[in-house]
Amino acid sequence: MQQAQKTAELLLDAKVNTVISSSKLGSIETAKAISQVQEAADCLGADCVPRYVEMKQLEDLNVENILKQSDKGVKGLPLQSGWLNIYEDEVITELWDQSEKAWKYLLNELASESGQGNCVVAVGHPAVLIAMMGHCLNLTKGWLGAFHLDAGSICVVDFPDGPSGRGIVRCINYTAHLGRWSIPITRTTLDDEDFVYTDDP
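Take 87 as the starting number for the sequence shown in the numbering used here and just add one per residue.
Structure representation (structure tokens):
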């Protein structure tokens, strides 16, 4: 719950319109925390008027059942970089196809919002968020193992030309807001003492 609160606090200035989550309890709790902090923006001095945040659930953000089809899961273990590479092609294909539906839904949701500067937040399992990043960047499913997201991390995608245009990934796996609740698990492949880690969700 501390991760959810820290994430919500970081998003306070983002003026979120909609929070879409999977139906899993952890995702719902994070979505609620984000909504509560957003709607208290005027009391917290971040806005001069109250905000209203719409909360929705999207089944296509639920991918745990897809991953459970494999006996190669990493349940209970830290999700190391490249962890999606352990899954069979059938599992990755199903994940990829479902994430495409979720990505299109988010784009439609963003397009349906009125006005400029709309902000839609998606909360779900790291695997589906990684896959949606792949769709945003017009990659293939073979690239999924090249990305890593930690629990509570934040990724930002901008659409300067609107949701019908190309998305620009501004940041991925941002975790600095979590402080001591962030557990560094990503290692550099270079033996460089000056390398700065910014590991995070």
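For each residue, glycine too, the CB sits at the ideal point set by N, CA and C.
**Request:** Give the range of the alpha helix (DSSP H) segment to which Ala208 is assigned.
**Result:** Careful: Ala208 lies outside any alpha helix (DSSP H), inside the beta strand (DSSP E) at 206 to 209.
**Message:** Is the separation between the beta-carbon of Val242 and that of Arg256 shorter than 8 Å?
**Reply:** yes
**Prompt:** Any idea which residues DSSP pairs Cys134 with across the strands?
**Reply:** DSSP output for Cys134 lists no bridge partner at all.
**Item:** Ranges of the beta strand (DSSP E) found wholly within the region 170 to 256, counting only runs of at least 3
**Value:** 206 to 209, 240 to 244
**Prompt:** Does the region 136 to 146 touch the region 107 to 120, meaning 3 or more C-beta pairs lie closer than 8 Å?
**Reply:** yes
**Prompt:** Near Ile254, which residues of its chain fall below 6 Å by C-beta distance, leaving aside the five closest residues on each side in sequence?
**Reply:** Asp244
**Request:** Check Ser121 in the structure and name its three-state DSSP category.
**Result:** helix
**Request:** Mind reading off the beta-carbon distance from Val206 to Thr104? Whole number of angstroms is fine, and I expect it under 8 Å.
**Result:** 5 Å
**Request:** Tell me whether Thr93 is buried or exposed, calling it buried when 16 or more other Cβ atoms sit within 10 Å of its Cβ.
**Result:** buried
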